[in-house]
Amino acid sequence: MIAGLDKLLSWSGPFSMAVKIAAFAAIIVGYGLGTFSLIENHFFSSVVRIQADRGHSVISSGPYRWVRHPGYAGAFLVYLA
Numbered sequence: 661m662i663a664g665l666d667k668l669l670s671w672s673g674p675f676s677m678a679v680k681i682a683a684f685a686a687i688i689v690g691y692g693l694g695t696f697s698l699i700e701n702h703f704f705s706s707v708v709r710i711q712a713d714r715g716h717s718v719i720s721s722g723p724y725r726w727v728r729h730p731g732y733a734g735a736f737l738v739y740l741a
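The number in the working numbering is simply the position in the sequence shown, starting from 1, with 660 added.
Printed below as a string of structure tokens:
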């Protein structure tokens, strides 16, 4: 609703091309990080639970070497952009 009113009433000025490119790059990196974490972690799920029936173990490779929750970090980048 606020974005629509901003467009209608021209509250904010236009963004420069550099800002648009930086935001697009952050979106690409965020989706890439989220996708990489999905590929690396076979237990990735929207429901938090220990999957003992599938041999659930702690993942420490791929993006999990640097970030504890790379799916959340990627989503944060996308939302921020």
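Backbone N, C-alpha and C fix where the C-beta goes; we use that ideal spot for every residue, glycine too.
Please report how far the alpha carbon of residue 719 lies from the alpha carbon of residue 738, in whole angstroms.
The alpha-carbon of residue 719 is positioned some 23 Å away from that of residue 738.
Give me the residue from 701, 712, 691 and 711 with the minimum Cα distance to residue 733.
Comparing Cα-Cα distances from residue 733 to each of 701, 712, 691 and 711, the minimum goes to 691.
Can you confirm whether residue 738, when its beta carbon is compared against all beta carbons of chain B, has any partner nearer than 8 Å?
The structure shown contains no chain B; it is built from a single protein chain.
Evaluate residue 673 with the Cβ neighbour count: other Cβ atoms within 10 Å of its Cβ, from every protein chain shown; 16 or more gives buried, anything less gives exposed.
When all chains shown are included, residue 673 counts as exposed.
CA nearest to the CA of residue 696, picked from 740, 741 and 735:
For the options 740, 741 and 735, the alpha carbon positioned closest to that of residue 696 is the one of 735.
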